[in-house]
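Q:
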Amino acid sequence: MTDLPLIHWTEAGQDRSAAWRSESGAAPPKKVMIADDTLSADKAYKLVCEGTALLWRGDYHNARQLLSALARRAGRKPAKTSANPTEAFHFHRQAQAQRARILGMLLLPFDADYTVPLRRAPDVREACRAAWGESDAPSVASLRELLGLVGGHEWRKKGVEIATLGGERVHPHYGVYSPLRGEYLDLIAKAPLPATSLAFDVGTGTGVIAALLARRGVTRVVATDNSARALECARENLARLGVANRVEVVEADLFPDGRAPLIVCNPPWLPAKPTSPIEHAVYDPDSRMLKGFLAGLADHLEPGGEGWLILSDLAEHLGLRTRDALLGWIDAAGLAVVDRLDIRPRHGKARDENDPLHAARAAEVTSLWRLAAR
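Okay, so the sequence shown: first residue is 317 according to the working numbering, each after it adds one.
The structure is reproduced here in structure tokens:
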């Protein structure tokens with residue numbers, strides 16, 4: 317088992333410890349109290365707000381009910397609002413982080429084989445192994461994290477229907493961003509291909525873009541990622557979709573070796589700090605991947621080739637990045653804009669007037685920028 321930090325607590329007069337699991341990389345809570353079905357929701361909420369984690373020893377379903385009660389109490393305090401979209405975004409992220417911190421303080425024990433030793437606990441061993449790998453020692457994680465893990469495992473089994481792949485399904489692994497928002501795939505499906513001999517898919521994730529390029533007739537695709545989960549996920553999906561013989565999946569930070577007539581990248585859209593591995597697909601501090609892709613693109617394009625940058629302008633509407641800044645990075649990289657294809661998002665948040673970022677989401681446009689070396 318990979319070395320994990322330890323969480324320590326006292327139980328029945330004895331000092332105890334176990335491996336600590338946190339997808340966000342949060343440090344183990346320093347104050348841990350044993351809790352069970354006798355603990356009221358009000359007392360539990362007071363304790364977690366004060367920084368005391370609750371290691372559950374009662375009924376599993378009662379723990380889920382308590383988590384729901386904590387969520388209701390955490391939602392009573394209205395989040396700060398602002399007419400300034402940048403402030404509204406930061407207030408929203410702060411509220412999300414505070415809520416996650418509170419709800420992440422209700423902890424569950426796991427045996428060495430991922431059995432949860434509580435009354436009426438479900439069998440989560442398969443889901444845990446799929447996300448965390450094999451285990452040989454007891455561990456502790458938050459109930460909230462377990463529920464996300466189990467939900468992610470169900471998505472992995474069920475898959476996400478992809479219209480541009482004829483309704484076939486892509487199966488996202490836990491921690492790999494799911495292609496639920498399919499509008500960017502519509503852009504890739506209709507953009508004119510500069511060549512069909514070779515393409516690079518930079519930051520492949522589930523492998524859906526690589527699969528779509530192969531289905532469009534590209535005879536060889538090299539798909540890259542620097543996440544072990546994403547690499548495994550992409551290989552599995554490409555095999556399911558019957559295009560593994562045309563797509564090579566390689567570990568790389570951005571570009572593979574060599575040049576290609578087509579290079580596609582769908583980088584994180586928002587220059588902000590992610591709080592968990594899966595958020596790296598959406599949030600990227602200082603637009604590191606976007607800038608890296610643009611800066612290295614010309615050196616990896618064959619003469620006459622194109623780089624396709626798929627990017628939402630949500631960051632612009634939130635005041636996190638300007639269009640002039642983006643165009644400046646493109647120009648500084650020795651690139652020219654050949655064309656731009658636009659599409660409006662179809663997800664529910666774009667129409668939800670109660671969403672704190674509704675104004676920005678309602679104005680959002682996702683674009684495929686066709687770029688060429690000057």
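Glycine included, each C-beta is placed from N, C-alpha and C at the ideal position.
Note that the structure is a prediction, hence the values are computed from the model and not measured.
Grab me the residues of MET317's own chain with a C-beta within less than 8 Å of its C-beta, minus the 5 sequence neighbours each way, in chain order.
A: In this prediction, MET317 has a pLDDT of 49, which is less than 50 and means its spatial position is unreliable; what the coordinates show is noted afterwards. The residues are ALA335, GLY449, GLU450, SER451, ASP452 and ALA453.
Q: Go ahead and pull the three-state DSSP assignment for PRO425.
A: PRO425 falls in the strand class under three-state DSSP.
Q: Taking 8 Å as the threshold, find out whether the stretch 495–502 comes into contact with the stretch 555–564 through three or more Cβ pairs.
A: They do not touch, by the three-pair rule.
Q: Determine which residues share a DSSP beta bridge with CYS581 and list them.
A: Paired residue(s): VAL518 and LEU625.
Q: Taking the alpha-carbon of ALA416 as reference, which of LEU383, LEU673, VAL432 and ARG662 has the nearest alpha-carbon?
A: Per the Cα distances, LEU383.
Q: Sorted by chain position, which residues of the same chain lie with C-beta nearer than 7 Å to HIS674's C-beta, five sequence neighbours on each side aside?
A: Closer than 7 Å at Cβ, skipping near neighbours: ASP668.
Q: Could you confirm whether any beta carbon from chain D is found closer than 9 Å to the beta carbon of VAL681?
A: The structure shown contains no chain D; it holds only a single protein chain.
Q: Hey, is the stretch 347–361 in contact with the stretch 395–413, meaning 3+ C-beta pairs nearer than 8 Å?
A: These segments do not touch.
Q: Report the residue from VAL518, VAL537, GLU564 and ALA404 whose alpha carbon sits nearest the alpha carbon of THR512.
A: Among VAL518, VAL537, GLU564 and ALA404, the Cα nearest to that of THR512 belongs to VAL537.
Q: What residues in its chain sit with their C-beta under 8 Å from that of GLY533, if we drop five residues either side in the sequence?
A: Once the five neighbours on either side are set aside, the close Cβ partners of GLY533 are LEU509 and THR512.
Q: Which two residues bound the contiguous alpha helix (DSSP H) that contains ALA641?
A: Segment 639–648, the alpha helix (DSSP H) holding ALA641.
Q: Name the DSSP bridge partner or partners of ASP697?
A: Beyond the ends of the chain as shown, which are 317 and 690, falls residue 697; an answer cannot be given.
Q: Would you tell me roughly how many angstroms separate the C-alpha atoms of VAL524 and VAL492, rounded to the nearest one?
A: Cα-Cα distance, rounded: 12 Å.
Q: Is the beta carbon of LEU371 less than 9 Å from the beta carbon of VAL466?
A: Not closer than 9 Å, so no.
Q: When the Cβ atoms of the stretch 468–478 are set against those of the stretch 571–584, are three or more pairs found closer than 8 Å?
A: No, they do not touch.
Q: Using a 10 Å radius around the Cβ and a threshold of 16 neighbouring Cβ atoms, would you call PRO619 buried or exposed?
A: That one is exposed.
Q: Does the separation of the CB atoms of LEU630 and LEU606 fall below 9 Å?
A: Their beta carbons are not under 9 Å apart, which means LEU630 does not touch LEU606 by this criterion.
Q: Which residue comes first and which comes last in the alpha helix (DSSP H) that contains ILE525?
A: 524–531 is the extent of the alpha helix (DSSP H) around ILE525.
Q: How many Å lie between ILE646 and HIS616 at the Cα?
A: Cα-Cα distance, rounded: 15 Å.
Q: Please report the residue range of the alpha helix (DSSP H) in which GLU470 lies.
A: GLU470 -> alpha helix (DSSP H) spans 459–474.
Q: What span of residues does the alpha helix (DSSP H) with LEU684 cover, start to end?
A: LEU684 -> not in any alpha helix (DSSP H); beta strand (DSSP E) instead, spanning 682–689.
Q: Identify, in the order they occur along the chain, each residue of the same chain with its Cβ nearer than 7 Å to the Cβ of GLY367, setting aside the five sequence neighbours on each side.
A: Answer for GLY367: LYS347, listed in chain order.
Q: I think HIS489 touches ARG545, with their Cβ atoms under 8 Å apart; what is that distance to the nearest whole Å?
A: Yes, they are in contact, since the Cβ atoms of HIS489 and ARG545 sit about 5 Å apart, within 8 Å.
Q: Assign MET317 to one of three DSSP states: helix, strand, or coil.
A: Model confidence at MET317 stands at a pLDDT of 49, short of 50, so the residue's coordinates are unreliable; what they give is reported in the following sentence. MET317 falls in the coil class under three-state DSSP.
Q: Am I right that LEU419 and ALA369 are in contact with their C-beta atoms under 8 Å? What's the rounded C-beta distance?
A: Wrong, their Cβ atoms sit about 11 Å apart, outside the cutoff.
Q: Write down the C-beta distance between ASP569 and PRO587 rounded to the nearest angstrom, noting that I regard them as a contact closer than 8 Å.
A: Their Cβ separation, rounded to whole angstroms, is 18 Å, which puts ASP569 and PRO587 out of contact at 8 Å.
Q: Ignoring anything shorter than 4 residues, give me the alpha helix (DSSP H) runs that lie fully in the stretch 338–366, in order along the chain.
A: Taking only runs of at least 4 residues, the alpha helix (DSSP H) segments lying wholly in the stretch 338–366 are 357–365.
Q: Jot down the residue ranges of each uninterrupted alpha helix (DSSP H) in the stretch 541–625, minimum 4 residues, whole runs only, in chain order.
A: Qualifying alpha helix (DSSP H) stretches, in chain order: 544–556 and 604–616.
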